Amino acid sequence: MADTQQVLRKTPLHTLHLELGGKMVPFAGYEMPVQYPAGVLKEHLHTRASAGLFDVSHMGQAFLSGPDPARALERVTPADVIGLKEGMQRYGLLLTEQGTIKDDFMFSKLAGESALYLVVNAGTKESDFAYIGEKLRGIATLGPKQDRALLALQGPKAGEVLERHSPGINQLTFMKVVRATVAGAPAFVSRSGYTGEDGFEISLEGRDAERVARALLAEREVLPIGLGARDSLRLEAGLCLYGHDIDETTDPVEANLVWSIGKRRKEAKDFPAAEKIMDRVLNGAPRKRIGIRPDGKAPAREGTEIVDKSGHIVGRITSGGFGPSLNGPMAMGYVESAFAADGTEIHLMVRGKAMPARVAPMPFVPHRYKRASNPD
Amino acid sequence: MSEIRYTDQHEWVRIDGDEATVGITKYAADQLGDVVYVELPEPGRSLGQGGEAAVVESVKAASEVYAPIGGEVTDANSAIAADPAKVNADPEGDAWFFKVKIADKGELGKLMTAGQYADFLKGL
């Protein structure tokens, strides 16, 4: 019999998720845990108070090699790739030819290695890899690493926990990346994440992932964390979710991600649709991505219309929900630029009623990264 | 003796004379996860059987609560609006949502008994 249902892929931690009581849901073609028995609220709060372990093995990992992979990658991103120092990681946007956002991704330069290490979003990885491969044909080669796993250990206790399994790792500061051994397994480890907290992302061979995950989960500070809390944590941190807050209909200026365009790149205007994007940097975009705090307690979800006081639609929410650490509702969305200033009074159409809200600065919960200039 | 009936949308309704008390079942509360927001109907509002009556939201999602039986709302449980976590703690007890003055007891015939609801859950 033909099976017409899409077969969901499994990460190397699938068995462990089931053993831990993970509630499995389809996500980006994978069967992933949305939560464990502790539940989204406790998982979220635990990550901010102690440490949480996330399986993000569904994300796309690849190496970009060639005579000058940094120069090559600049064909598809406005980030300063050439200027990235050894042992550092950086955030970048993958742009379409029209200058809209095809994806957001991280790229790293491991010390002493010429290839760049890339991590792209799960839902877009096949399309990203095909696009990068095609655009960089003849000058660089993209090698997807489908056999690798990716774990994130996030939270204020992440440093001391990981130090026990990888001595010296706690000396890394934010956005640094090294090859290291974690619980005996070869890994690349970056001090980064998607929660707003201090923490690490640990890339491993798939066959080592379960053993390393078990070693970290055996630490009393660590709980497994599902996709539900991952989403509420990143939204409190004001971080974009691709396919919701940014996509191929948004550009870096509207998305408020101009900071990810390198200074040299802005001057050289040598990235896709650079003239159009730089014109918008100078003259403004018609709409802007903003943070929103509803005045009341009702969460406003993705798709909610944003209206002005006369009821005209001026925008739409792209991510919205309840922030457990904020202890209240929060949202992110796009509004016409005239409504984008912090404190602007707007209304959200929730179940047919106009709920008062205000444009608010992000992050909603302060970032607590371990920056090099902020030693402790 | 009060009797309790259930809907296929996972509401329960307890009948005491012509008053009905409505809440969501433990199954519904567990499926939702941590409840963070509850919106209740105003007393005096008239509800039709199966009509949207209340809203319950977890961190991730919003769900409607439908009226298992028609009638006029006589009371709403402000304690769960103030502390939505009560819905997870005691969904079939203290965390009732609202009460209605039953318009037509004949509507009870469309609802499930406890035994029927238990069988219905097994089939999910």
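For the record, the sequence lines run as chains A and B. Counting from -12, one number per residue, gives the positions in the first sequence under our numbering. Counting from 713, one number per residue, gives the positions in the second sequence under our numbering. Even for Gly, the Cβ is constructed at its ideal location relative to N, Cα and C. As the structure is a computational prediction, the values presented were derived from the model and not from experiment.
What first and last residue would you give for the alpha helix (DSSP H) that runs through residue i?
{"i": "H152 (chain A)", "result": "145 to 152"}
{"i": "V199 (chain A)", "result": "193 to 204"}
{"i": "R119 (chain A)", "result": "Correcting the residue type first, residue 119 (chain A) is Ile in the shown sequence and not Arg. I119 (chain A) -> alpha helix (DSSP H) spans 112 to 122."}
{"i": "I293 (chain A)", "result": "From DSSP, I293 (chain A) is part of no alpha helix (DSSP H) but of the beta strand (DSSP E) over 292 to 294."}
{"i": "R35 (chain A)", "result": "27 to 36"}
{"i": "I264 (chain A)", "result": "261 to 270"}
{"i": "E6 (chain A)", "result": "1 to 6"}
{"i": "L368 (chain A)", "result": "An answer regarding residue 368 (chain A) cannot be provided, because it is not within the stretch -12 to 363 covered by chain A."}
{"i": "R251 (chain A)", "result": "250 to 255"}
{"i": "L744 (chain B)", "result": "738 to 744"}
{"i": "L60 (chain A)", "result": "56 to 60"}
Can you tell me whether residue i is buried or exposed, with buried defined as 16 or more other CB within 10 angstroms of its CB?
{"i": "Q828 (chain B)", "result": "exposed"}
{"i": "D363 (chain A)", "result": "Residue confidence is low: D363 (chain A) scores 44 on pLDDT, short of 50, so the model does not pin down where it sits. Its coordinate-derived value is still stated next. The residue is exposed, with fewer than 16 neighbouring Cβ atoms inside 10 Å."}
{"i": "Q382 (chain A)", "result": "Because chain A spans -12 through 363 in this model, residue 382 (chain A) falls outside it and cannot be assessed."}
{"i": "G213 (chain A)", "result": "buried"}
{"i": "A801 (chain B)", "result": "exposed"}
{"i": "T2 (chain A)", "result": "exposed"}
{"i": "A255 (chain A)", "result": "exposed"}
{"i": "A328 (chain A)", "result": "exposed"}
{"i": "N270 (chain A)", "result": "exposed"}
{"i": "D115 (chain A)", "result": "buried"}
{"i": "A794 (chain B)", "result": "exposed"}
{"i": "G412 (chain A)", "result": "For chain A, the structure presents residues -12 to 363; residue 412 (chain A) sits outside this window and is missing."}
{"i": "N243 (chain A)", "result": "buried"}
How is the beta strand (DSSP E) around residue i delimited, first residue to last?
{"i": "G51 (chain A)", "result": "The sequence shown places Leu at residue 51 (chain A), rather than the Gly named in the question. Note, L51 (chain A): beta strand (DSSP E), 47 to 52."}
{"i": "R276 (chain A)", "result": "274 to 281"}
{"i": "Q76 (chain A)", "result": "75 to 82"}
{"i": "G827 (chain B)", "result": "First-last for G827 (chain B): 826 to 834, but that is the alpha helix (DSSP H), not the beta strand (DSSP E)."}
{"i": "A791 (chain B)", "result": "First-last for A791 (chain B): 790 to 794, but that is the alpha helix (DSSP H), not the beta strand (DSSP E)."}
{"i": "V799 (chain B)", "result": "Note, V799 (chain B): premise wrong, no beta strand (DSSP E); alpha helix (DSSP H) at 798 to 801."}
{"i": "I69 (chain A)", "result": "That residue, I69 (chain A), is in no beta strand (DSSP E); it is neither H nor E in DSSP."}
Using C-beta distances below 7 Å, list every residue in its chain close to residue i, excluding the 5 sequence neighbours before and after it, in chain order.
{"i": "P755 (chain B)", "result": "V785, T786, D787, A788"}
{"i": "T83 (chain A)", "result": "K89, E235, P259"}
{"i": "Y749 (chain B)", "result": "E769, P796"}
{"i": "K798 (chain B)", "result": "A791, I792, D806, A807"}
{"i": "R274 (chain A)", "result": "E241, G302, Y321, V322, E323, S324"}
{"i": "R358 (chain A)", "result": "T160, F161"}
For residue i, collect the residues of the same chain with a Cβ closer than 6 Å to its Cβ; drop the 5 residues on either side in sequence, then sort them by chain order.
{"i": "R(-4) (chain A)", "result": "G16, Y17"}
{"i": "D91 (chain A)", "result": "L80, Y229"}
{"i": "A127 (chain A)", "result": "L51, G53, P56, A59"}
{"i": "R355 (chain A)", "result": "E184, D185"}
{"i": "A109 (chain A)", "result": "A15, H45, M46"}
{"i": "D(-10) (chain A)", "result": "Caution is warranted here: a pLDDT of 49 is assigned to D(-10) (chain A), below 50, making its placement in the model unreliable, and the coordinate value is therefore given only provisionally. Nothing meets the Cβ criterion."}
{"i": "P24 (chain A)", "result": "G8"}
{"i": "G249 (chain A)", "result": "A66, D67"}
Using a Cβ-Cβ cut-off of 8 Å (strictly less than) and excluding sequence neighbours within five positions of residue i, which residues of its own chain qualify?
{"i": "M319 (chain A)", "result": "L222, G225, C227, D232, R276, I277, G278, I279, I304, T305, S306, G307, M349"}
{"i": "E731 (chain B)", "result": "T786, K811, V812, K813, I814"}
{"i": "P803 (chain B)", "result": "G735, I736, T737, K738, A740, A741"}
{"i": "T237 (chain A)", "result": "T87, I88, R276, Y321"}
{"i": "M824 (chain B)", "result": "R717, Y718, T719, D720, F832"}
{"i": "M(-12) (chain A)", "result": "Per-residue confidence for M(-12) (chain A) stands at a pLDDT of 44, beneath the threshold of 50, marking its modelled position as unreliable; the derived number appears in the next sentence. Counting only Cβ-Cβ distances below 8 Å, and skipping sequence neighbours, we find nothing."}
{"i": "S37 (chain A)", "result": "G142, P143, K144, E208, V209, L210"}
Look at the Cβ atom of residue i, then the Cβ atom of residue j, and state whether they are nearer than 8 Å.
{"i": "Q76 (chain A)", "j": "S179 (chain A)", "result": "yes"}
{"i": "P173 (chain A)", "j": "G47 (chain A)", "result": "no"}
{"i": "P239 (chain A)", "j": "P65 (chain A)", "result": "yes"}
{"i": "P311 (chain A)", "j": "S219 (chain A)", "result": "yes"}
{"i": "V747 (chain B)", "j": "V768 (chain B)", "result": "yes"}
{"i": "V741 (chain B)", "j": "F810 (chain B)", "result": "The amino acid at residue 741 (chain B) is misidentified as Val; the sequence shows Ala. Contact flag unset, no."}
{"i": "A49 (chain A)", "j": "A136 (chain A)", "result": "no"}
{"i": "A170 (chain A)", "j": "V176 (chain A)", "result": "no"}
{"i": "L97 (chain A)", "j": "V199 (chain A)", "result": "no"}
{"i": "D42 (chain A)", "j": "H4 (chain A)", "result": "yes"}
{"i": "V364 (chain A)", "j": "I119 (chain A)", "result": "An answer regarding residue 364 (chain A) cannot be provided, because it is not within the stretch -12 to 363 covered by chain A."}
{"i": "V771 (chain B)", "j": "L28 (chain A)", "result": "yes"}
{"i": "Q141 (chain A)", "j": "G39 (chain A)", "result": "yes"}
{"i": "I727 (chain B)", "j": "L836 (chain B)", "result": "no"}
{"i": "G783 (chain B)", "j": "L759 (chain B)", "result": "yes"}
{"i": "A285 (chain A)", "j": "M336 (chain A)", "result": "no"}
{"i": "G283 (chain A)", "j": "G745 (chain B)", "result": "no"}
{"i": "G20 (chain A)", "j": "G193 (chain A)", "result": "A small fix is needed here, since residue 20 (chain A) is Pro in this sequence, not Gly. For P20 (chain A) and G193 (chain A), no; Cβs fall outside 8 Å."}
{"i": "E715 (chain B)", "j": "V777 (chain B)", "result": "no"}
Which residues, in chain order, does the segment 741 to 752 of chain B contribute to contact with chain A at a C-beta distance below 8 Å?
For the segment 741 to 752 of chain B, the residues whose beta carbon sits under 8 Å from a beta carbon of chain A are, in order, G745, D746, V748, Y749, E751.
Just by C-beta distance, which residues in the segment 773 to 804 of chain B are closer than 7 Å to chain A?
Answer set for the segment 773 to 804 of chain B: A774.
Could you name the residues of the segment 17 to 38 of chain A whose beta carbon sits closer than 9 Å to any beta carbon of chain B, in the order they occur along the chain?
Going along the segment 17 to 38 of chain A in chain order, one finds V21, Q22, G26, V27, L28, K29, H31 with a Cβ nearer than 9 Å to chain B.
What residues in the segment 283 to 305 of chain A bring their beta carbon closer than 9 Å to a beta carbon of chain B?
Answer in chain order: K284, A285, P286, R288.
Under 7 Å (Cβ pairs) to chain B, residues found in the segment 302 to 328 of chain A
Per Cβ criterion, the list reads G308, F309, P311.
Given a limit of 8 Å on CB to CB distance, which residues of the segment 335 to 355 of chain A reach chain B?
Going along the segment 335 to 355 of chain A in chain order, one finds R338 with a Cβ nearer than 8 Å to chain B.
Relative to chain B, which residues along the segment 194 to 216 of chain A have a C-beta separation below 7 Å, given in chain order?
When CB distances to chain B are screened at a threshold of 7 Å, the residues of the segment 194 to 216 of chain A falling below it are G215, in chain order.
Going along the chain, which residues of the segment 246 to 260 of chain A sit with their C-beta nearer than 8 Å to a C-beta in chain B?
Answer set for the segment 246 to 260 of chain A: empty.
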